[in-house]
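I have placed the structure first, in the form of C-alpha cells, so that the comments after it can refer back to it.
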Amino acid sequence: MGSKQIAQETFDDAVQENITEFEMDPEEAVREAVLQFESQGVDLSNIVKALRPPASENGQRQKHQILLTLDSLSRAVAEADMAELPEQLSSFAAQLREQLASRYLAGQKGAYAVLLRACQLAAGDRAALPVMTLDDDIRAPFGHAHDHARMIVLENDGLRVLIEAAKAFRDNPGVLSELCATLSRLSVRNEFCQDIVDLGGLNFMVTLLADCMEHPDVVRQVLSALRALAGNDDVKDAIVGAGATELIVLALSRHLGSAQVCEQACAALCMLALRKPHNCSVIMESGGALAALQAMKAHPQEVAVQ
1 MGSKQIAQET FDDAVQENIT EFEMDPEEAV REAVLQFESQ GVDLSNIVKA
51 LRPPASENGQ RQKHQILLTL DSLSRAVAEA DMAELPEQLS SFAAQLREQL
101 ASRYLAGQKG AYAVLLRACQ LAAGDRAALP VMTLDDDIRA PFGHAHDHAR
151 MIVLENDGLR VLIEAAKAFR DNPGVLSELC ATLSRLSVRN EFCQDIVDLG
201 GLNFMVTLLA DCMEHPDVVR QVLSALRALA GNDDVKDAIV GAGATELIVL
251 ALSRHLGSAQ VCEQACAALC MLALRKPHNC SVIMESGGAL AALQAMKAHP
301 QEVAVQ
C-alpha cells in the first residue's frame with residue numbers, strides 16, 4: 001500500500017496553527033509540522049515545506065512564492081507581453097529547479113496551460129523561446145508522470161504545441177534538444193506515440209537527427225524520443241519505414257565515445273527489434289549489431305550500455 005499524502009493547504013494550515021496556537025517561530029513551526037505528519041506515515045515529497053507570507057489585511061490567504069511567480073507569468077502570457085515573458089520564464093524556471101515539491105504544486109495550479117501558451121507565443125520570438133524549453137521543470141514529478149502527461153496532452157494540446165514550436169525554431173540545438181526530451185516524457189501511452197507520428201513529429205525528428213548529427217546533446221535526446229515512441233508496436237514500423245534505423249546506427253558509430261549517446265542508441269535499436277523480426281533484419285543489414293558491439297567494447301563499465 002502506498003504512503004499517505006496530504007494537500008499543500010493541509011500542511012500550511014498545520015504550520016499556521018503551530019504559530020498561532022503554540023506560539024512557535026516560523027522555522028520551528030515548519031519543522032514541527034514535518035515531524036507531525038511524518039510520524040503519521042505521511043509522504044511529504046510533494047509538499048513545499050516553507051511558510052507562506054502572512055495573510056493580507058483583509059484576511060485573504062497569501063500564496064507560496066512559486067505560485068506568486070506563476071501568477072506573474074500568467075499575466076505576461078495573457079497580455080502577450082513579449083518584453084516581460086523571457087524574464088518571467090527565467091524566474092519561474094529557476095524556482096522550479098529548486099525543489100520537486102515546487103514543480104508538483106505549480107503543476108497542480110495550472111502551470112501546464114500557462115507554459116504551453118507561453119511556448120506558442122515564444123515560438124515566433126527568438127528572445128523568449130530559448131527560455132521556454134520546459135527543461136526538467138514539471139515533466140515527470142514524483143510518481144505522477146502518466147497523470148501529468150495526460151493532463152498536458154489531453155487538456156492542453158501539448159503535443160501539437162511542442163511539435164509546432166520545434167518546427168518554428170529549427171536552428172537552435174539547445175531548444176530542440178529540450179523539446180525532444182519533453183516529447184519523450186510525454187510518450188507514455190500508445191495513442192500519444194501515434195499522435196506524435198500523425199502530427200509530423202516523427203518525420204521532424206528523423207530530419208533533425210540527420211541535420212544535427214554533430215550535436216551530441218540533440219542526438220541523445222532525439223534517440224531517447226525515438227526509443228519512447230517505439231513503445232508502440234505500430235510506431236516501430238513507422239520509425240523503420242522513415243529511415244531512422246540507418247541514422248540511429250550512424251549516430252551510434254559517430255558518437256562512440258559518448259556513453260550517453262551509446263546508451264540511447266542501443267536502447268532505441270532494442271525497442272525497434274522487440275517483437276518485430278523484420279525490423280531485426282533491417283537493423284542487422286544496417287550494421288546495427290556490429291555498432292552495438294563496438295559500443296559495448298568502448299564502455300565496458302557502463303551497465304546501461306551493456
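At position 67 of the sequence shown the residue is numbered 67 (the UniProt record's numbering), and the sequence of numbers has no breaks. Glycine is no exception: its CB is placed at the ideal position from the N, C-alpha and C atoms. Computed from a predicted structure; not experimentally measured.
For R75, count neighbouring Cβ atoms within 10 angstroms of its own Cβ and tell me buried if that reaches 16, exposed if not.
-> Its Cβ having fewer than 16 others within 10 Å, R75 is exposed.
Name the one or two DSSP bridge partners that V42 has.
-> Partner(s): K4.
Please report how far the alpha carbon of I6 lies from the alpha carbon of L44, in whole angstroms.
-> Take the alpha-carbon of I6 and the one of L44: they are about 8 Å apart.
Segment contact flag, the stretch 244-259 with the stretch 290-301, C-beta cutoff 8 Å, min 3 pairs | The stretch 244-259, when compared against the stretch 290-301, does touch it at the 8 Å Cβ threshold.
8 Å contact criterion, which I47 and Q8 should meet: CB distance rounded | By a beta-carbon distance limit of 8 Å, I47 contacts Q8. Their separation comes to about 6 Å.
Residue environment, M284, which counts as buried when at least 16 other CB atoms sit within 10 Å | Result: exposed.
Can you round the beta-carbon distance between D195 and L159 to whole angstroms, since I take them to be within the 8 Å contact cut?
-> About 5 Å; that satisfies the 8 Å criterion.
Does the distance from the CB of V161 to the CB of L116 come in under 7 Å?
-> Judged by beta-carbon spacing, L116 lies within the 7 Å limit of V161, meaning their Cβ atoms are closer than that value.
Per-residue DSSP class, three states only, for T227 = Looking at the sequence provided, one finds Arg at residue 227 rather than Thr. R227 sits in a helix when the DSSP states are folded into three classes.
In whole angstroms, what separates the C-alpha of S258 from that of C193?
-> Rounded to whole angstroms, S258 to C193 spans 27 Å at the Cα level.
C-beta contact flag for V222 and A291 at 7 Å = Taking 7 Å as the Cβ cut-off, V222 and A291 do not qualify as a contacting pair.
Should C12 be labelled buried (16 or more other beta-carbon atoms within 10 Å of its own) or exposed?
-> The identity of residue 12 in the sequence shown is Asp, whereas the question assumes Cys. The Cβ neighbour count for D12, taken over all protein chains shown within 10 Å, is at least 16; the residue is labelled buried.
Indicate the three-state DSSP secondary structure (helix, strand or coil) for H278 in the structure shown.
-> It is helical.
Give the C-beta separation of A242 and L179 to the nearest angstrom, bearing in mind that I take them to be a contact with Cβ-Cβ under 8 Å.
-> Not quite, the Cβ-Cβ distance comes to about 19 Å (not below 8 Å), so this is no contact.
Three-state secondary structure (DSSP) at H148?
-> Helix.
Give every residue of the same chain whose Cβ lies closer than 7 Å to the Cβ of L70, excluding the five residues on either side of it in the sequence, and list them in chain order.
-> Only F92, A106, K109, A111, V114 meet the Cβ criterion.
If you run the structure through DSSP and keep just helix, strand and coil, what is N18?
-> Three-state DSSP puts N18 in a helix.
By Cβ distance below 7 Å, which residues in the same chain neighbour V235 in space, the five residues on each side in sequence not counted?
-> Excluding the 5 residues flanking it on each side, V235 has same chain C-beta neighbours closer than 7 Å at C193, Q194, V197, L229, in chain order.
Collapsed DSSP secondary structure at F204 in the structure displayed = In this structure, F204 counts as helix in the three-state DSSP scheme.
Cβ-Cβ distance between T245 and S184 below 7 Å = Not a contact, by the Cβ cut-off of 7 Å.
Specify the secondary structure class of D171 as computed by DSSP and reduced to three states.
-> D171: coil per DSSP, three-state reduction.
Roughly how many angstroms lie between the CA atoms of P53 and R103, to the nearest whole one?
-> The alpha-carbon atoms of P53 and R103 are separated by roughly 19 Å.
Taking only the alpha-carbon atoms, compute the straight-line gap between N156 and D147 and give it to the nearest angstrom.
-> When rounded, the distance between both Cα atoms is 13 Å.
Would N190 be called buried (16 or more neighbouring beta carbons within 10 Å of its own) or exposed?
-> With fewer than 16 Cβ atoms within 10 Å of its Cβ, N190 is classed as exposed.
Please work out which residues of its chain come closer than 7 Å, Cβ to Cβ, to N279, disregarding the five sequence neighbours upstream and downstream, and give them in chain order.
-> Its chain contains K236, V240, L272, A273 as the residues whose beta carbon lies nearer than 7 Å to that of N279, once the 5 sequence neighbours on both sides are disregarded; these appear in chain order.
Residue burial classification, G41 (beta-carbon count within 10 angstroms, cutoff 16) | Classification for G41: exposed.
Scan the stretch 64-93 and note each continuous alpha helix (DSSP H) run of 4 residues or more that stays entirely inside, going in chain order.
-> Within the stretch 64-93, the complete alpha helix (DSSP H) runs of at least 4 residues are 65-78.
Short Cβ contact (7 Å threshold) for A166 with L176 = Yes, the pair counts as a contact, with Cβ atoms nearer than the cut-off.
Could you tell me the boundaries of the alpha helix (DSSP H) in which D25 lies?
-> From DSSP, D25 is part of no alpha helix (DSSP H); its letter is neither H nor E.
Whole-number beta carbon distance between L73 and Q88, since they are thought to touch under 8 Å = Contact holds; Cβ gap of about 4 Å.
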